[in-house]
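Single-structure report; data block below.
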Amino acid sequence: MNDTGSLVTLAPDSSGPAPTGERWIRFAKPARWIAIAGAVGVLAAPFMAWAYRPDALDDVSFWGEPSPLQWFAFALGLLLLGCLVAPFVIKPRPGRRPRRLLAFNRGAKAAASGSLVYFAVASAAIVLELGGLVALEPGAWAGLAGALVATVATRALPEGHDPRLQFLNTPAWGQILGIVGAVALVLFAAAYGLGQDGASTFVTFGVLCGVGVYVAARVGVMGWLSAAAARNRRALVLAAFAVAFLFPMTQDGSDANMSIAVGVLIFAATAMGLNIVVGLAGLLDLGYIAFLGAGAFTAAILSRSAFATLGWSPPFPVVVLISGTVAAILGLIIGSPTLRVSGDYLAIVTLAFGEIFRITMNNLDGVDGPNLTRGSNGIPAIPDLELFGFDFGESHMILGVQIGRFANYYWLMLLVLALIILVFTNLNHSRIGRGWVAIREDERAAEAMGVNVFGLKLLAFAGGAFLAGIAGAVKAHVDVSVTPDQYIFMESAFLVAGIVLGGMGTVGGVLIGASILKLLPEKLRFFEDYRLLMFGVLLVVMMRFRPEGLMPDERRQLEFHADDDELAEEIGENIEAHVIPSLAGAPEPDLKGDDA
Amino acid sequence: MDLFAQQLVNGLSLGALYALIAVGYTVVYGIVQLINFAHGEVFMVGAFGAYTTWILMGSPSHLSPGFAFGVVMPAMLLGGVVAAVGTALLMERFAYRPLRGAPRLAPLISAIGLSIALQEAVRLFYGRIPGFPDSRRAIPFPVIDGFTGRSWQVAGVTIQYSTAFTLIALLVCTTLLWWFVNRTRMGRAMQATSQDPDTSRLMGINVDRAIATAFAVGAALAAVAGMAHGLRYNNIDFQMGFMAGMKAFTAAVLGGIGNVNGAVVGGLVLGVVEAMATTYIPGQFGSSAWKDVWAFALLILVLVFRPQGLLGAKAVDRA
Amino acid sequence: MTALLSARDVTMKFGGLTAVNQVSLDVAPGEIVGLIGPNGAGKTTFFNCLTGMYQPTSGEVEFDGQLLPPKPRRVAMAGVARTFQNIRLFQNMTALENVMVGRYARTGTNAIDAVFRLPRHRREETETRRIAEEWLDFVGLGEAADLLSRNMPYGDQRRLEIARALALEPKLLLLDEPTAGMNPQETREAEELITRIRGLGMAILVIEHDMRFIFSLCDRVACLVRGAVLIDGAPETVQNDPRVIEAYIGTPVDVAPSADGEGDSDA
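Structure follows, in structure tokens:
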């Protein structure tokens, strides 16, 4: 697959590090030994104290008793050492072509620089929390020095071949096992990360996760994993949902984390709905939050809140449908200018609609307009949901684990998210999805080929809005109150950013992007003041260096790099046709893995 | 009738403010077909630049009119222009220039990011400079004796000095702009670049410089608008750019984006429409709480039904 | 003779410039009609008028007994498919996907079918894929189905565009310079392909500069000069008409700004 390294060099004028590396190649042998020495330093560091007081990170002040974060550093060191030593151990059998499954040199480079980043972040956290460099004990210095030595030394190693692990014949059960393992790892990471109360510990752990993924990608494991995932979509989806479903069980009734998790799900579900509009149909909607708001306000007005203004409260399933429909109608209205407006102008039109929505909700307070929303006060005291006799506000015991209010809503939102993902993927893999791609590629040509351009655009708007409306209906009950200032332009910008960050038009990417965007600020309370600033800077940097997002859709990536023929060749070899394999008449290529 | 005349004056002065900002959108769009979404923030930075200059001058108050009009106000104006132009140039160089040729989405999102980052930077850091006021709240704009709060009465219509300032500033700025675009080498280079950047480059025009100049010119006018805004509303805040920017963009679209005259006409029309809407729309919907809705509705209607604007020519839709 | 396509007095003005001036042209079912003329004569503009991409200033186009509205989609659905002078494939789609898009107007899966994967969706999807593969085979690109169209050689892209148009199952195929930029070998292959398409009973209206191509292939040739039909007749007649020769090489043609879209201005 396309590893990160080669993509970085696609940025307009980044001069890759390759030339300098090549110059030092004659030192490769000694460099390897120096790097091994560095790795030993990294491995030793966890057994020393990093800080002189226990209150930094997760108490790294002991000698010989590593804390979890220190054990993670140890794991990084092992990875580094493994990559460096592997070429000695694994020699091609004489007379046979070397298999070159893993790119150990790349892995070593990544692990070395990753360790450096890890130690740097950990040390910085210690320094900031304990006040000054004096707080650093030998362990931190040893780790930093070891990682630095290894980083510098690994620069002299040759880049080496592309990893070929993804072409390995793996039995189906092996692939599925790999997927389940990876997904379980994600669950563990999420549960562990959310369990960290200290912001610095959380950040350090986050860095570890990033480094881990990076190393795995460079070594070639990610390539194998994504190939396996592509072949076993069903297993992947099942595993992912099982894990997401089990997540509340790991939280031991902690409502704090579950409330964050629900927030993340609502945000992700909304982003996924927007992804239909932006990622599939290619229409930038800067007022999308209005649909979530429309759903939320509708549900609030139809709820049994004492402040509801209509005095009619049908059962929730009906409310959900009404909320979705109201949002969809708004979507049709907002989408109708697409008949005549496109591109930047459309983005501005949607932005203007979003603002009109917010101001209108503010004004329907009985003074400046009819009283529907109670203006800026909004509608508070929305009671908890009751579905089929199940009260979402109450705690339940399931398998000996306390499941609180937010966990209940978490599961409900998970269902909504699943629905949205289902709609997204099934539309994408159909005639309609193909039509959207065609519109994105060349609208006039698509129309000349008989594609119903306007209809498909409207469908994207209305469909996306409907789904957001449903999410909004749930959100109203989760949040207890609905006010217009929850639905400002900034929220729309956040949604767009979540999509762009992860990778437009993808499911996994957008889920990850949305989670990062929503989770980080929740966990980094100390950081709150700088949140928006960083967000703005992130958008600018992102557009500059990786406009296609962290996990780009391959086609989208090509659209962002229209002049890059090399990339086109590379992706062209991998791209799958826009059809569902199982429907294509071909024998199901799943579970075989024989496409080496 | 008096009410009408008064609202007309109010609308014109508000519109002049929009027009000054709108020119920035239009000049930049004309040359690189980019909606500089962060232009509203340039306007905000201009206002803060003017205010900063006043503080750096030692917060002079109780001035003689001569000193106020001859020294303090020009200095503030200059300070605002420097701050705004600097911001715009940095923005162009580091955020927009690398994205030329990228899909349209990229610069637009980058612009949104810039807009947020600039607002936040001002909110977070401006007030931390010793001697500067807390920028998280609205900052009262300096009171200039013999100017602030003064007005003329003409035939029953009140004309604030700040109103006159805005209108005169618009007149002067657009005249200068016209001269610059049509009578200078750089102006011609800009025109050529907007027609065809590649050919212009072949003809030896420094296209990068022409584009940067367009950003600078727009920023300078926005800074003047920032100053005018401060004088008119007597306070400035870090969020003032968002709504003003949206309105100005509406004005630019209304007049026909890419067309400087259009931006001026569009701004004035929008200002007058807004002023009249709050006066003449009956019932609850005539309250000022709805005026932004009417402005945005106007924006949408224009984009849908006359995207080329009031003064723009209809472009041939090419297959 | 009942015409399949019948353009009557089609006029297209851009501001003061009359790009197409009262052009009338008939195409009978199964007929191959060539449209020739010097650069800037308005051929592509006329195509755009036929396919609804431009709304003619005046005049009307009748197809299969019905007036064609100036809506490209409606024209396509009525059974008129086209290719473009400057290839307009969906660059980042595979060859197969490109052709499958061509099936759009002939399939009816709606959002509900797709979301719930109802039988109709499955059936149509399989069918669409099969037909698309057949058309790819027909134009000789069966092996290239999974290539990104942007990665394909130029000649293949032209053929792919034709396959995409054929997938629409049109009654009339409009080809805009199908051999432009091709080498002699590729040109021969294109000729052969068009002959085979005619074998399917489709009518073809083709713009072409390659005279050998036109006169060996077409049943009838119309020559457009400065937006007006100069002559419309059998190939031999047109070939020997002094006015046609003059239009091409005789008196220099005005280098008036071409109103032909990205039109006829290339050499």
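Residue numbers (the numbering used here), protein chains in the order written: chain V, 265 to 860; chain Y, -14 to 304; chain Z, 6 to 272.
Even for Gly, the Cβ is constructed at its ideal location relative to N, Cα and C.
Short CB-CB distance (under 8 Å) between Z/V249 and chain V: Within the third sequence, the letter at position 244 stands for residue 249 of chain Z. Not one chain V Cβ lies under 8 Å of Z/V249.
V/N830 burial status per 10 Å Cβ neighbour count (16 or more: buried): In the first sequence, counting from the first residue as 1, residue 830 of chain V sits at position 566. The amino acid at residue 830 of chain V is misidentified as Asn; the sequence shows Glu. It counts as exposed.
Contact set for V/L594: own chain, Cβ-Cβ below 7 Å, skip 5 residues either direction: In the first sequence, the residue the question calls residue 594 of chain V occupies position 330. Listed in chain order, the non-local C-beta contacts of V/L594 below 7 Å within the same chain comprise A554, F555, A558, A729, local neighbours out to five positions each way being set aside.
Run of the alpha helix (DSSP H) containing Y/D(-13), from where it starts to where it stops: Counting from one through the second sequence, the residue named residue -13 of chain Y turns up at place 2. Residues -13 to 17.
For Y/H214 and V/G487, the rounded distance between their alpha carbons: Counting from one through the first sequence, the residue named residue 487 of chain V turns up at place 223. Counting from one through the second sequence, the residue named residue 214 of chain Y turns up at place 229. Taking the straight line from one Cα to the other gives about 56 Å.
Nearest residue (CA-CA) to V/I597, options Y/R291, Y/P292, Y/A282, Y/G294: The sequence position of residue 597 of chain V within the first sequence is 333, counting from 1. Nearest C-alpha to V/I597: Y/A282.
One or two residues paired with V/F654 in a DSSP bridge: Stepping through the first sequence from its first residue, residue 654 of chain V is reached at position 390. Partner(s): V/L651.
Nearest-angstrom beta carbon gap, Z/F95 and V/A227 [assumed within contact, 8 Å]: In the structure as shown, chain V begins at 265 and stops at 860. Residue 227 of chain V is therefore absent and cannot be evaluated.
Counterpart residues of Z/I65 in DSSP-defined beta bridges: What you label residue 65 of chain Z is simply residue 60 of the third sequence in a count that begins at 1. Before going on, a small fix: residue 65 of chain Z reads as Glu here, not Ile. Beta-bridge pairing links Z/E65 to Z/R13.
Delimiting residues of the beta strand (DSSP E) encompassing V/H660: Counting from one through the first sequence, the residue named residue 660 of chain V turns up at place 396. First-last of the beta strand (DSSP E) with V/H660: 660 to 662.
Environment of V/W576 [buried if 16+ CB atoms lie within 10 Å]: The residue you call residue 576 of chain V lines up with position 312 of the first sequence. Result: exposed.
CB contact flag (V/L529, V/M677, <8 Å): Here residue 529 of chain V refers to the residue found at position 265 when the first sequence is read from its first residue. Here residue 677 of chain V refers to the residue found at position 413 when the first sequence is read from its first residue. In contact: V/L529 and V/M677 (Cβ atoms closer than 8 Å).
Own chain residues within Cβ distance below 6 Å of V/H425, not counting five before or after: Start at 1 with the first residue of the first sequence, and residue 425 of chain V comes out as number 161. Taken in chain order, the residues that qualify are R364.
Span of the alpha helix (DSSP H) around V/W335: Residue numbering aside, residue 335 of chain V sits at position 71 when the first sequence is read from its first letter. Taken as a continuous stretch (DSSP letters only), the alpha helix (DSSP H) holding V/W335 covers 332 to 353.
Y/W275, DSSP secondary structure in three states: Against the second sequence, residue 275 of chain Y aligns to sequence position 290. In the three-state reduction of the DSSP assignment, Y/W275 falls in the helix class, which pools H, G and I.
For V/V385 and Y/A208, the rounded distance between their alpha carbons: Within the second sequence, residue 208 of chain Y is the residue found at index 223, counting from 1. Within the first sequence, residue 385 of chain V is the residue found at index 121, counting from 1. Rounded to whole angstroms, Y/A208 and V/V385 show a C-alpha spacing of 41 Å.
Beta carbon proximity, Z/Y109 to chain V, threshold 8 Å: Within the third sequence, the letter at position 104 stands for residue 109 of chain Z. By this cut-off, Z/Y109 is an interface position.
Minimum Cβ-Cβ distance from Y/E259 to chain V less than 8 Å: For the purposes of this step, residue 259 of chain Y is identified with residue 274 of the second sequence, where counting begins at 1. No, Y/E259 lies away from the interface with chain V (no Cβ there is under 8 Å from its Cβ).
Proximity test, Cβ basis, 8 Å: Z/A81 and chain V: Locating residue 81 of chain Z in the third sequence gives position 76, counting from the first residue. Z/A81 counts as touching chain V.
Cβ shell of V/I298 (< 7 Å), same chain only, five flanking positions each side left out: Within the first sequence, residue 298 of chain V is the residue found at index 34, counting from 1. Same-chain partners within the cutoff: V413, A417.
For V/L759 and V/I524, believed in contact at Cβ under 8 Å, the rounded distance: Position 260 of the first sequence holds residue 524 of chain V. Position 495 of the first sequence holds residue 759 of chain V. Going by Cβ atoms, the distance from V/I524 to V/L759 rounds to 18 Å, so no, they are not a contact pair.
Check whether Y/R1 and Y/T133 have beta carbons under 8 Å apart: Against the second sequence, residue 1 of chain Y aligns to sequence position 16. Against the second sequence, residue 133 of chain Y aligns to sequence position 148. Rather than Arg, the amino acid found at residue 1 of chain Y in this sequence is Ala. Contact check for Y/A1 against Y/T133 fails: the beta carbons are separated by 8 Å or more.
Residues of the region 88 to 120 of chain Y with Cβ closer than 8 Å to any Cβ of chain V, in chain order: Residues of the region 88 to 120 of chain Y with a C-beta atom less than 8 Å from some C-beta of chain V are P88, R89, L90, A91, P92, L93, I94, S95, I97, G98, L99, S100, I101, A102, L103, Q104, E105, A106, L109, listed in chain order.
Entirely enclosed alpha helix (DSSP H) segments - the region 71 to 115 of chain Z, minimum 4 residues: If we require 4 residues or more, the alpha helix (DSSP H) runs fully inside the region 71 to 115 of chain Z come out as 77 to 83, 100 to 107.
Residue closest to Z/G3, alpha-carbon to alpha-carbon, out of Z/M98, Z/G145, Z/A8, Z/G21: Coverage of chain Z is limited to positions 6 through 272, which leaves residue 3 of chain Z absent and any answer about it impossible.
Alpha carbon of Z/R164 to alpha carbon of Z/A137, nearest angstrom: The residue labelled residue 164 of chain Z in the question sits at position 159 within the third sequence. The residue labelled residue 137 of chain Z in the question sits at position 132 within the third sequence. Taking the straight line joining both Cα atoms gives about 13 Å.
Exposure of Y/F110, with buried meaning 16 or more beta-carbon neighbours within 10 Å: For this step, residue 110 of chain Y is matched to residue 125 along the second sequence. Exposed, since its Cβ has fewer than 16 Cβ neighbours within 10 Å.
Buried or exposed (CB count within 10 angstroms, at least 16 for buried), Y/L286: On the second sequence, residue 286 of chain Y is found 301 positions in, with the first residue counted as 1. The C-beta of Y/L286 has fewer than 16 other C-beta atoms within 10 Å across all chains shown, which makes the residue exposed.
Min CB distance Z/A261 to chain V below 8 Å: Here residue 261 of chain Z is taken as the residue at index 256 of the third sequence, counted from 1. Unreliable placement is indicated for Z/A261, whose pLDDT of 47 sits below 50; the coordinate value is still reported in the next sentence. With respect to chain V, the C-beta atom of Z/A261 has no partner C-beta closer than 8 Å.
Beta-carbon proximity check, Z/S154 vs Z/M216, cutoff 8 Å: For the purposes of this step, residue 154 of chain Z is taken as residue 149 along the third sequence, with counting starting at 1. For the purposes of this step, residue 216 of chain Z is taken as residue 211 along the third sequence, with counting starting at 1. For Z/S154 and Z/M216, no; Cβs fall outside 8 Å.
Under 8 Å between C-beta atoms of Y/V30 and Y/A60: Numbered from 1 along the second sequence, position 45 holds the residue referred to as residue 30 of chain Y. Numbered from 1 along the second sequence, position 75 holds the residue referred to as residue 60 of chain Y. Not in contact: Y/V30 and Y/A60 (Cβ atoms no closer than 8 Å).
Y/M307 vs Y/I16 beta-carbon contact at 8 Å: Residue 307 of chain Y lies beyond the range of chain Y shown here (-14 to 304); nothing can be said about it.
Length at least 4, wholly inside the region 708 to 764 of chain V: the alpha helix (DSSP H) runs in chain order: Counting only runs of 4 or more residues that sit fully inside the region 708 to 764 of chain V, the alpha helix (DSSP H) segments are 717 to 743, in chain order.
Amino acids of chain Z, ordered along the chain, whose beta-carbon sits closer than 9 Å to that of V/D706: Taking the first sequence and counting its residues from 1, one reaches residue 706 of chain V at position 442. Ordered by position in chain Z, the residues that pass the 9 Å Cβ test against V/D706 are R93, L94, F95, Q96.
Through-space distance from Y/T178 to Z/G42, alpha-carbon basis: Working through the third sequence from its first residue, we reach residue 42 of chain Z at position 37. Working through the second sequence from its first residue, we reach residue 178 of chain Y at position 193. Whole-angstrom Cα-Cα distance: 34 Å.
Chain V contact for Z/R193 (CB, 8 Å cutoff): Counting from one through the third sequence, the residue named residue 193 of chain Z turns up at place 188. Cβ-Cβ to chain V under 8 Å: no for Z/R193.
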